[in-house]
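Below is one structure, written out as structure tokens; the observations come after it.
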Amino acid sequence: MANLTLVQAINLALIQEMEQDDRVLVLGEDVGINGGVFRVTEGLHKRFGGHRVVDSPLAESGIIGTAVGLAMGGLRPVAEIQFEGFLGPAYDQICTHAARMRTRTRGGLTVPLTVRVPVGGGIHAPELHSDSPEAIYTHTPGLKVVMPSSPYDAKGLLVSAIRDPDPVIFFEPKRIYRAFREEVPEDEYTVPIGEARIVREGSEMTMVSWGASVIHCMNAIEASGRDIELIDLRTICPLDIDTVVTSVRKTARAVIVHEAPLTCGIGSELSARIMEHCFLDLESPVQRVAGFDVIMPYYKLELDYLPDADRIGKAIEETAAY
Amino acid sequence: MPISSVFETKIERISILDHDGSFDESLGKGLIPDQDAVALYRHMMLCRQFDEIAFKLQRSGRMGTYPENRGQEATSLGAAYVLEKSDWLVTCYRENAGLFWRGLPMEKILLHWMGDERGNQIDPDLHITPLAIPIGTQMLHAVGLAWADKYRGEKSISCTFFGDGATSEGDFHEAMNFAANLEIPTIFFCQNNGWAISVPTKLQCSAPTIAQRALAYGMRTIQVDGNDIFAVVKAVRDAADHARKTSQPSFIEATTYRLGDHTTADDARRYRDSDEVEKWNQQEPMIRLRKYLEQRDLWDESRQSEMLAKAEKVVAEVVKNAEEIEDPIQTDMFDSMYASIPENLKAQRRTMRTTSLGQDPSQLPTPNTARA
């Protein structure tokens, strides 16, 4: 066991998977000598060499497009896109090819690709370094979308993503890259893709969140003094709806919290699913605390955009009082 | 300091078998053995017959949109003839001749255009990617595929096909740049057929040749007469040798012409002159190859009609196979989405002909819950 940050946990997962599987290689902008702009790939180049840790040209579509070819060719590429705002140029290759190749060829060619992407706001970064586009990739059939909220889950989920036979978009909440440490086993373990985690049990209402927002939910719950069940989705696609439904049937109330814009965010889908599966159990409308339907503001206003313990606390009280 | 020249170059063009049948012995002797030249011509006849019948299938409502290949047979065929079966062919959608030469069953192409994904379910030993509908995106895959082989220490290479229009796409430039800088053995094979649907090549590229685009990436490049299968074979053989020896990419611009419409949904008379089409009709690849064979007593009218009868028979059988395949079952759309189907998708699969409430019968109204 070691006490690791989320960055260190991901770094450890990469090292261990590269050691146990020759097919795993890392490519992206600045991932080699420099160890990545967030130092997630620190030490990998020295350890595995330029053959397996590749500083690519500065072109996101090129990174994902060649990684699709590497994956179809039998390797297990782990591509890094430096910030979620730069997924845009790679969107075509992700959605036109990575997501479609298996079904297009009815299983003839497959794309076991992991795309690692730092995501979300809260670090005072420039424009296009703070967005939350997870819904876009969830709305693209054929992909899996993962977003851990803790070092332990980050390591276990990344190992699962690299070993997964299908493309996985692995979002890393950059706000909590170094926010706290957690005991992370050195030994091999996996956290399955598609399983949510009950962070805290409770009976009064259910709160569902993921990524960096989970910690704010926790703070709001503690401040409220109420007995609230908190679920961290961990995987956004495929959605572990059973865990959510079981909880809401027990508590009869639900609040969903996410950084991404409200409209057509994952909260919309969760809300619809809760309505479909828990209609007869609900005691209050499902509430959503989310980013606004605005362009993510520059950093002077970013904390006014992001859901915080105060906004979440208001949703808790309104839901409880309904 | 005086102004000096830091880089100078020229673009070479290979032409061996001219449209009037004249043949450059110095370049072409021994390039393609006689029996192979006959086999290549016979294959072109088969592909031309396939193309004609595919067109008619669309016109008679038996198949969806189809892009005619007519006039461009020499390009992909010349490449497939040269390359090894372990080399990847990463194609666009006008390369039937090369794909069939490699061994792709002809009904696969019909199935694709008949709206059936089983047309893309290709034997992995053929090293063929499915037809690529989005323009220019497949070149990056070719780089990745050759990279994977290089990573494992194998000698295989990839060859990717695309048109003049695709060289305007960003992915083309990214693929060229990746291959050159990372030393990936990919052959970039541009089929410059003069038109990207209705837009002429000069609106895609202001330079005198497309071949010179490769110079910007420090890549070996050449232009060939793409309707001359000897020139194509020489260019691809040189590029493949270079790729295997040095792990470097190459660029080939093959000038050719799309004799038909872009697809059956297009009418090329709206944007190009019949004089231009007529000129290229005289320069297409089969007329000159037939002249070459006849000059050497390798071909004659009786062999021509014998082969035509054979091609008609083969293609009729292919059409029969494609049309008689059993319909896909409805749930096929779910079954290849992931290696194993997630629970949410299983529920949709199970209830695809009911409502979302069918996915959770516990929420259906009962006497106790239904409103009066």
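Protein chains in written order, with my numbering: chain A, 1 to 322; chain B, 1001 to 1372.
Note that CB positions come from ideal geometry on N, CA and C, so glycine has one too.
Quick caveat: nothing in here was measured; it's all calculated off a predicted structure.
In terms of DSSP beta bridges, what is residue i paired with?
i, result
"Q287 of chain A", "A:V255"
"A79 of chain A", "A:L27 and A:V115"
"P141 of chain A", "In DSSP, P141 of chain A forms no bridge with anything."
"C264 of chain A", "Its beta-bridge partners do not exist; DSSP assigns none."
"D55 of chain A", "A:G28"
"F1161 of chain B", "B:F1189"
"I231 of chain A", "A:I198 and A:V208"
"A1254 of chain B", "B:Q1191 and B:V1224"
"S173 of chain A", "In the sequence under discussion, the amino acid at residue 173 of chain A is Pro, which differs from the Ser named in the question. Paired residue(s): A:V119."
Using a cut-off of 7 Å between C-beta atoms, extract the partners of residue i located in chain A.
i, result
"D1360 of chain B", "E276 and H277"
"G1194 of chain B", "Per Cβ cutoff of 7 Å: no residues; G1194 of chain B is ~26 Å from chain A at best."
"G1170 of chain B", "S61"
"T1137 of chain B", "G65, D92, Q93, T96 and H97"
"D1069 of chain B", "Inspection of the sequence shows that residue 1069 of chain B is occupied by Asn rather than by Asp. Near N1069 of chain B there are no residues of chain A at all, since even the closest Cβ is about 21 Å away, more than 7 Å."
"Q1363 of chain B", "E276, H277, F279 and L280"
Could you tell me the distance, in whole angstroms, from the CA atom of residue i to the CA atom of residue j?
i, j, result
"V1006 of chain B", "M1139 of chain B", "30 Å"
"P151 of chain A", "I1128 of chain B", "41 Å"
"C264 of chain A", "A135 of chain A", "7 Å"
"P89 of chain A", "S1305 of chain B", "53 Å"
"L1099 of chain B", "S1076 of chain B", "8 Å"
"A1372 of chain B", "L280 of chain A", "Bear in mind that the predicted position of A1372 of chain B carries a pLDDT of just 42, short of 50, making it too unreliable to give a figure here."
"A321 of chain A", "T251 of chain A", "14 Å"
"M18 of chain A", "I64 of chain A", "19 Å"
"Y1217 of chain B", "M1176 of chain B", "7 Å"
"H124 of chain A", "L262 of chain A", "22 Å"
"A1254 of chain B", "Q1223 of chain B", "6 Å"
"E201 of chain A", "P141 of chain A", "32 Å"
So which residues of chain B does residue i contact, with C-beta pairs closer than 8 Å?
i, result
"R104 of chain A", "E1117, N1120 and P1130"
"L4 of chain A", "Residues of chain B passing the Cβ test: none, with the nearest at roughly 30 Å."
"L25 of chain A", "Y1151"
According to DSSP, is residue i helix, strand or coil?
i, result
"Q1204 of chain B", "coil"
"D1171 of chain B", "helix"
"R200 of chain A", "strand"
"A1372 of chain B", "Reliability fails at A1372 of chain B, whose pLDDT of 42 lies under 50, so the model's placement of it is uncertain and the value that follows must be treated cautiously. Three-state result, A1372 of chain B: coil."
"A947 of chain B", "Outside the displayed span of chain B (1001 to 1372) sits residue 947 of chain B, for which this structure offers no information."
"Q1304 of chain B", "helix"
"L280 of chain A", "coil"
"E1183 of chain B", "coil"
"A212 of chain A", "coil"
"C1092 of chain B", "coil"
"I1014 of chain B", "strand"
"L4 of chain A", "strand"
"P1285 of chain B", "helix"
"M205 of chain A", "strand"
"F180 of chain A", "coil"
"A67 of chain A", "helix"
"V248 of chain A", "helix"
"Q1072 of chain B", "coil"
"V1038 of chain B", "helix"
"E186 of chain A", "coil"
"I33 of chain A", "coil"
"I10 of chain A", "helix"
Name the chain A residues that come within less than 8 Å of residue i, Cβ to Cβ?
i, result
"W1147 of chain B", "T66, G69, L70 and G73"
"M1337 of chain B", "R102, T103, P141 and G142"
"N1181 of chain B", "P57"
"A1175 of chain B", "G62, G65 and T66"
Mind listing the chain A neighbours of residue i? Cutoff is C-beta to C-beta under 9 Å, in chain order.
i, result
"F1178 of chain B", "S56, P57, A59, G62, I63, G65 and T66"
"S1086 of chain B", "Chain A residues near S1086 of chain B: none, gap ~12 Å exceeds 9 Å."
"E1052 of chain B", "In chain order: nothing, as chain A lies at least about 27 Å away."
"P1124 of chain B", "G108 and L109"
Residues of chain B with a CB under 9 Å from the CB of residue i: which are they?
i, result
"P285 of chain A", "Within chain B, no residue comes near P285 of chain A; the closest Cβ sits about 16 Å away, beyond 9 Å."
If the cut is a Cβ gap below 7 Å, which residues of chain B does residue i touch?
i, result
"I233 of chain A", "Rather than Ile, the amino acid found at residue 233 of chain A in this sequence is Leu. Result: empty, since nearest Cβ-Cβ is about 13 Å, beyond 7 Å."
"P166 of chain A", "Here residue 166 of chain A turns out to be Asp, not Pro, going by the sequence shown. Ordered by position in chain B, the residues that pass the 7 Å Cβ test against D166 of chain A are Y1338 and A1339."
"I241 of chain A", "N1344"
Along chain D, in chain order, which residues have C-beta atoms closer than 9 Å to that of residue i?
i, result
"P1134 of chain B", "Reference to chain D is not applicable here, since the protein chains of this structure are A and B."
Exercise for review: Could you name the residues of the stretch 1140-1166 of chain B whose beta carbon sits closer than 9 Å to any beta carbon of chain A, in the order they occur along the chain?
Suggested key: L1140, H1141, A1142, V1143, G1144, L1145, A1146, W1147, A1148, D1149, Y1151, R1152 and S1158
Practice item. Please list the residues of the stretch 1088-1113 of chain B that have a C-beta atom closer than 9 Å to any C-beta atom in chain A, keeping them in chain order. Key: W1088 and V1090
Point to revise | Interface residues of the stretch 102-126 of chain A facing chain B [CB-CB below 8 Å] | key: R102, T103, R104, T105, R106, G107, G108, L109 and T110
Exercise for review: Please name the residues in the stretch 248-273 of chain A whose beta-carbon is closer than 8 Å to at least one beta-carbon of chain B, in chain order.
Suggested key: none
Review point. Between the stretch 1026-1059 of chain B and chain A, which residues of the former have CB atoms less than 8 Å from a CB of the latter, in chain order?
Key: none
Check your understanding: Which residues, in order along the stretch 189-202 of chain A, keep a beta-carbon less than 8 Å from a beta-carbon of chain B?
Key -> G194
Point to revise | Residues within the stretch 1197-1212 of chain B neighbouring chain A, beta-carbon criterion of under 8 Å | key: none
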